[in-house]
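Q:
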Amino acid sequence: MENKDNQHKRFNMLRIMLNTNVFCRPFDDKTDPEIQAESDYSERIIELAELKQIKIVASDILYAELGLIEDERKRDIVLNEINGVSQERINTNDKIHSLAQELGSLISDYSDDLHIASAAVSGCECLVTCDKQLAKARSKIESFLLSKGYRLKILAPKEFIDSFGD
């Protein structure tokens, strides 16, 4: 018999969005120990999605950024991975663009603004990213989003895995 907490987790699966760099990390140069560790944590997140323990939400910006991957083999593998684990796709709309423009005062990369806005507007609990600049600015970003009524955590892959069992 499942206890009430496990039933709650099963029926209200954690919704997360992965930045493009999380899907791509396993293909980066793993001679750097930090990149190797991020790759391992990224792969563990994908495994959680394959086991249906989390719900990965994809976005139009994720698919748009795939077009920037020059290596066709890598692009196809990453696309297949995304299609295999994503349970929902969020289309960019005026609300996302508006929020992304407002985020521009905190982050200088409009693609990152769109990732964050897509995650927030779609009701994701967190955006997982390997982007160090987003990690540095996360408290400002999270506070700004909260002021707009959005609860979104920005976490590195390790932070997500470490907090997942809580």
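Quick note: the sequence shown uses our numbering, first residue 1, plus one each step. Here a beta-carbon is modelled for each residue, glycine too, at the ideal position from N, C-alpha and C.
Under a Cβ-count criterion, where at least 16 other Cβ atoms within 10 Å of its own Cβ denotes burial, should L114 be classed as buried or exposed?
A: Position 114 of the sequence shown, counted from the start, is the residue given in the question as residue 114. Buried is the call here.
Q: So A49 and V78 are supposed to be a Cβ contact under 8 angstroms. How far apart are they, rounded?
A: Locating residue 49 in the sequence shown gives position 49, counting from the first residue. Locating residue 78 in the sequence shown gives position 78, counting from the first residue. In fact, because the Cβ distance is near 14 angstroms, the residues do not count as touching under 8 angstroms.
Q: Of the residues E102, L106, R73 and I56, which one's Cα is nearest the Cα of N83?
A: Within the sequence shown, residue 83 is the residue found at index 83, counting from 1. Checked all of E102, L106, R73 and I56; the closest Cα to N83 is I56.
Q: Which residues in the same chain have their Cβ closer than 6 angstroms to the Cβ of L155, if we skip the five residues on either side of it in sequence?
A: Start at 1 with the first residue of the sequence shown, and residue 155 comes out as number 155. Same-chain partners within the cutoff: C126 and V128.
Q: What's the C-alpha gap between F164 and R44?
A: Residue mapping note: residue 164 aligns to position 164 of the sequence shown, counting from 1. Residue mapping note: residue 44 aligns to position 44 of the sequence shown, counting from 1. Our two residues, F164 and R44, have alpha carbons roughly 11 angstroms apart in a direct line.
Q: Suppose the cutoff is 7 angstroms on Cβ atoms and the five residues either side in sequence are ignored; what does the same chain contact list for N91 look like?
A: Translated into the one-based positions of the sequence shown, residue 91 becomes position 91. The answer, listed in chain order, is D60.
Q: Alpha carbon to alpha carbon, what distance is there between E70 and Q7?
A: As a first step, residue 7 is located in the sequence shown; it is residue number 7 there, counting from the start. As a first step, residue 70 is located in the sequence shown; it is residue number 70 there, counting from the start. Bear in mind that a pLDDT of 36 at Q7, under 50, signals an unreliable position, so the model cannot answer this.
Q: My guess is that R25 and I35 are in contact by the Cβ rule of under 8 angstroms, so how many angstroms apart are they, rounded?
A: Taking the first residue of the sequence shown as position 1, residue 25 is located at position 25. Taking the first residue of the sequence shown as position 1, residue 35 is located at position 35. The Cβ separation is near 7 angstroms, so the contact holds.
Q: Rounded to the nearest angstrom, what separates K136 and C130 at their Cα positions?
A: Walking along the sequence shown from the start, residue 136 turns up at place 136. Walking along the sequence shown from the start, residue 130 turns up at place 130. Rounded to whole angstroms, K136 to C130 spans 11 angstroms at the Cα level.
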